[in-house]
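As you go down the protein sequences, you meet chains V and C in turn. According to our numbering, the first sequence holds residues 1 to 124 in order. According to our numbering, the second sequence holds residues 1001 to 1720 in order. The structure appears below as structure tokens.
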Amino acid sequence: MIVLLVLLAAGGGFYGLHQNGGEASLRTTEELDPSIYYDNANSLRGNTYKIDAEIDSALGNSPTKGRLFSVVLKKQTQSGAPVVLPVLVPPTLGGLTIQKGQHYLMKVKVVEEGLLKVEEARKP
Amino acid sequence: MRNRYHFYQPGFVLVAIASCAPLFGQVPNAKTIHETGQQYKEGNALTSFGDNSAIGSQAMFEASLKAKKNIVDMKPNTFLSLWNNPGFAIQFEKYLSAPAETSEDAKLYRQRMERIMELLSPGNATKQNQDEAFNLLPKASDFESDANNCTTIHDAVYAAANARLQIQKLTEVDRILETKLSAAQYNQLHAAQSLTLSAIAPGKNDVKDNDENQAELRTAKLDPSKSNVATLKQTIQRNQAQIASAEVQAKFAMQSLILQFFVQRRYQHVIIIDRFYRALFDDGDQSLEGFQQMADKMGYNKAAGAVKLIADANPKGATAVGSGNNRRGGAGASAGAGPNGTDASVGNNNNNNDNGMDASAISGSGLHMGVENLSVESAENAFVTGMKGASRTFKSLSQLDAFANEVIRDVNEGVKVYKFLLEKSEIESAASQLASVFTKGEYLPSVRLLTQDEKRKTLAYAQLCNRLVNAANSGNIDALFDVVTKMKAMNPSFDDAEILAKLQGVKTASSLLVAQAKVAASKGDLQSVQTQITRAAALWPNNPEVTSFSADMSKLGNVARPEVQALTDFDQLDSQHNYRQIFDDKEKYIAALAMDDSNRKSERQEKLRKVLSRMQEIETSIMRSQEIARRGDYAGAWEGLDVTFSQYPDDQKLSQLRADLTTQAPDFVHDIRQAKSDEEKKEYGSSLAWYLRSQSRYPMSDLSKQGIQRIVRLIMPDAS
């Protein structure tokens, strides 16, 4: 019985740790400042950010490059205008089901040509 | 040198300048007469009537066409003045182009001439040498350059020698006759003294008859001896007359030949025949007075101009002298000229019983040299003048001999000087020197032996001189200026100041006429315009002011024809890409093109069609955008114009409206421009973000939609 309790406790602890670790990785990632991105995306190249966005539309689908979506950030600009950004979901995240209107927390990396490449995404 | 046209005289130049002085003085702002004319044209009239008349009179004066023709009728250069004589120019250029006479034949000829002169030289002219020289004459004449002159000498010497022989024979006959005469006179005297007649009459009444019989008897006995004496005297006198006549004729023939050679500048031949003369006749310093008398009677035709030669210009000369104191008949001399030549004769009457007489006769027949070269300046008259001049200048043959030798020396020295000057590149002096030696001794060996290389520079200079004269005569002052420039380059010492001054004068005159034409144009006097501009062009055909004035007048003429002006404007606007202006006045250009009768009509029509099509598209776009803007859709209005603007960025109206709409939808325009900018920089991620942003601002934006599609294809070429 004691052993069972210990195993349950260990299993619950691992799950809890695992769950807290994913959140922790997004939690520690800096949020993308859209104004800086618009002004000079090149200066952000190589950096990783998190965005909280809603899927707007699918722009394209390439078997080699992945899927390209436009997303609308949940956080609006100071003027109240929506911020729409393109994100590339690589084939490695092909199992991720993405549809218009879905809400995602995404970890994106600014790659070449100023593209935002999704490294991790989960629903909040 | 001629200076017939007082236009060139300094006094007239001063007058011309003085006449212009008040003109310039009254128009202080006008520095040139051209500017003065401009002021007229612009309606800024001068202050007095004298201004206009000053321009006119000056222009009239300067415009004399004779002025330019005689631009070289002055004396800037000795050589150039020589070149003004066409006859000389042709002969001299031929000489300059001819090769040196260095052939074996020419060398042999010179050797023979020198040998002849050596054999006849003073102290060397023995009978044997004279014979050798005489025999060399026909051989020397074998050569073309001798022109058979040595044969002429040979014949003259032969004729003179024959005359001498005849004289000797007659002299011998006279000596014998004198002896016979003495004997006859003695016999006559002896017969008279020894005559015995009956002195007593037979009766008192027979005295008269007896005297008559004695007289007849005396006459009968003495008459044969008297007749013999008279006959001898007459024969001797006739022989003496023949001796005198033959000697005079022989001397005259040779003297005339000597002078002829002298005039022909055949100085070697002068010396040769002169020395033969001295050998034949012992009166070497014989006066040439008799020849002078003949020469004075030689014909000179004043009507013979530069190229004319009158047929009756044959020289005729004859002279005769005679004396006699006989009462009946007697001796006399006569001379005459007829259609076949001249003649002179001496004779006496057989009835002359008194003392003898002196007689001499000279015939000038055959002295006409037959020079009938009609292509050069009256060679005939030149010859006659030369003969007269020579006969007056030289009083004896020794003078001629000395002068010929001096000329030969002078020419030889001149050739050396020519070579020296040529070496020093003093081409003007060298050319003048060569022309001088050519004139004096064209046939002398030193002149004939100059090589083509030695004459080449002079030939080039001479040809330039020839071109200068031709250019001056043609009136093309630009060509003249070109030649003068080349002459100056070839010969820095060439005095071009006077020619250039004259050229400037002609140019000024032409400009004055243009100014006058402008004045007339300002007053609408088209006839005067035509007159003045024609004269200006005649003076200086390439005058740039004439050209520009003509162009201006053409433009003025086009103003009077709107369709021509419209076509000109169309071409100009098209070249400036000012299609808007063409579109705004399209009715005018359509009409003008319809009347266009030039070969550019189809080209212009095609251009106009394209312009109208383009403007139609622009105008449609503008109208559409304005309509959209009226609905408050500024972004849509701007976007519609921007598409058209990208095709026709040079349309001002389109550009202006697009700029106005930019201020109405600044954020959208900003997003689109940023997107395009990043797209050009291949920052496709950023560009896509900007297009998405502009689309979010204006979802109907075609530019945004097209931009997004374009960028996606660039990022994902294999996107589905």
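Ideal placement from N, C-alpha and C gives every residue a C-beta, glycine not left out. In this text the structure is predicted, and so the values were computed from the model without any measurement.
How far does the beta strand (DSSP E) with residue i in it reach, from first residue to last?
{"i": "S1121/C", "result": "That residue, S1121/C, is in no beta strand (DSSP E); it is neither H nor E in DSSP."}
{"i": "M1700/C", "result": "Careful: M1700/C lies outside any beta strand (DSSP E) and carries neither H nor E."}
{"i": "F69/V", "result": "G66 to L73"}
{"i": "Y49/V", "result": "T48 to S62"}
{"i": "M106/V", "result": "H103 to V110"}
{"i": "A121/V", "result": "L116 to R122"}
Look at the Cβ atom of residue i, then the Cβ atom of residue j, and state whether they are nearer than 8 Å.
{"i": "L1120/C", "j": "Q1130/C", "result": "yes"}
{"i": "L88/V", "j": "L115/V", "result": "yes"}
{"i": "L26/V", "j": "K117/V", "result": "no"}
{"i": "D101/V", "j": "I51/V", "result": "Before going further, note that residue 101/V is Gly rather than Asp in the sequence given. No, the pair does not count as a contact, with Cβ atoms beyond the cut-off."}
{"i": "K1455/C", "j": "V1407/C", "result": "no"}
{"i": "S1677/C", "j": "T1644/C", "result": "no"}
{"i": "A1635/C", "j": "A1675/C", "result": "no"}
{"i": "T1662/C", "j": "W1638/C", "result": "yes"}
{"i": "N61/V", "j": "A1629/C", "result": "no"}
{"i": "L1692/C", "j": "V84/V", "result": "yes"}
{"i": "P86/V", "j": "L1714/C", "result": "no"}
{"i": "V1546/C", "j": "V1514/C", "result": "yes"}
{"i": "V1529/C", "j": "A1517/C", "result": "yes"}
{"i": "T1458/C", "j": "L1096/C", "result": "yes"}
{"i": "K1233/C", "j": "L1181/C", "result": "yes"}
{"i": "E1101/C", "j": "L1449/C", "result": "yes"}
{"i": "Y1589/C", "j": "M1615/C", "result": "no"}
{"i": "A1404/C", "j": "Y1267/C", "result": "yes"}
{"i": "D1660/C", "j": "R1697/C", "result": "no"}
Within a Cβ cutoff of 8 Å, which residues of the same chain sit near residue i, ignoring the five residues on either side of it in sequence?
{"i": "Q1695/C", "result": "S1701, S1704, K1705 and I1708"}
{"i": "I1273/C", "result": "I1153, A1156, V1157, M1254, L1257, I1258 and F1261"}
{"i": "L1503/C", "result": "I1071, I1477, L1480, F1481 and V1484"}
{"i": "V1167/C", "result": "Reading off the sequence, residue 1167/C comes out as Ile, not Val. I1243, A1246 and E1247."}
{"i": "E1563/C", "result": "A1591, A1592, M1595 and D1596"}
{"i": "S1550/C", "result": "I1533"}
{"i": "G1338/C", "result": "Low confidence applies to G1338/C: its pLDDT is 41, below 50, so where it sits in the model is not reliable, and the reading given next is rough at best. Closer than 8 Å at the Cβ level, and outside the excluded window around G1338/C, lies no residue."}
{"i": "A1191/C", "result": "K1221, L1222 and S1225"}
{"i": "S1429/C", "result": "L1421 and S1493"}
What does a CB cutoff of less than 7 Å around residue i pick up in its chain, not counting 5 residues either side in sequence?
{"i": "F1092/C", "result": "A1435, F1438 and A1462"}
{"i": "Q19/V", "result": "Per-residue confidence for Q19/V stands at a pLDDT of 43, beneath the threshold of 50, marking its modelled position as unreliable; no derived number is given."}
{"i": "N1228/C", "result": "A1184"}
{"i": "R1624/C", "result": "G1640"}
{"i": "A998/C", "result": "Outside the shown range of chain C (1001 to 1720) lies residue 998/C, about which nothing can therefore be said."}
Rounded to the nearest angstrom, what separates residue i and residue j at their Cα positions?
{"i": "H1670/C", "j": "Q1605/C", "result": "42 Å"}
{"i": "D1650/C", "j": "L96/V", "result": "52 Å"}
{"i": "R1600/C", "j": "L1654/C", "result": "30 Å"}
{"i": "P1210/C", "j": "R1218/C", "result": "Looking at the sequence provided, one finds Asn at residue 1210/C rather than Pro. Spanning the two alpha carbons is a distance of roughly 12 Å."}
{"i": "A1359/C", "j": "R1238/C", "result": "For A1359/C, the pLDDT reaches just 34, beneath the cut-off of 50, and the residue's location in the model is therefore unreliable, leaving the point undetermined."}
{"i": "D1571/C", "j": "A1538/C", "result": "34 Å"}
{"i": "P1699/C", "j": "E1587/C", "result": "43 Å"}
{"i": "S1613/C", "j": "S1548/C", "result": "38 Å"}
{"i": "K1681/C", "j": "S1646/C", "result": "19 Å"}
{"i": "N1466/C", "j": "F1088/C", "result": "11 Å"}
{"i": "K1094/C", "j": "S1398/C", "result": "34 Å"}
{"i": "Q1652/C", "j": "L1526/C", "result": "43 Å"}
{"i": "K123/V", "j": "A53/V", "result": "10 Å"}
{"i": "K1395/C", "j": "A1161/C", "result": "24 Å"}
{"i": "M1490/C", "j": "I1499/C", "result": "16 Å"}
Leaving aside the five residues before and after residue i along the sequence, list all residues of the same chain whose C-beta is less than 6 Å from its C-beta, in chain order.
{"i": "D1496/C", "result": "V1484 and K1488"}
{"i": "E120/V", "result": "K107"}
{"i": "K109/V", "result": "T48, K117 and E119"}
Does the distance between the C-beta of residue i and the nearest non-hydrogen atom of the ligand GDP fall short of 7 Å?
{"i": "K1440/C", "result": "Although the ligand GDP was asked about, the structure shown includes no ligands whatsoever."}
Just curious, the alpha helix (DSSP H) that residue i is in, first and last residue?
{"i": "L1189/C", "result": "N1149 to Q1193"}
{"i": "P1562/C", "result": "P1562 to S1575"}
{"i": "V89/V", "result": "Run containing V89/V: none in the alpha helix (DSSP H); it sits in the beta strand (DSSP E), V84 to V89."}
{"i": "Y1443/C", "result": "Run containing Y1443/C: none; DSSP gives neither H nor E here."}
{"i": "N40/V", "result": "First-last for N40/V: undefined, no H or E at that position."}
{"i": "G1505/C", "result": "A1497 to S1522"}
Mind listing which residues of the region 54-65 of chain V have their C-beta closer than 7 Å to chain B's C-betas, in chain order?
-> Among the protein chains of the structure shown, namely V and C, there is no chain B.
Taking a Cβ distance cut-off of 8 Å, strictly less, list which residues of the region 26-38 of chain V are near chain C, in chain order.
-> Y37 and Y38
If you measure beta-carbon to beta-carbon, which residues of the region 79-104 of chain V are closer than 7 Å to chain C?
-> P82, V84, L85 and P86
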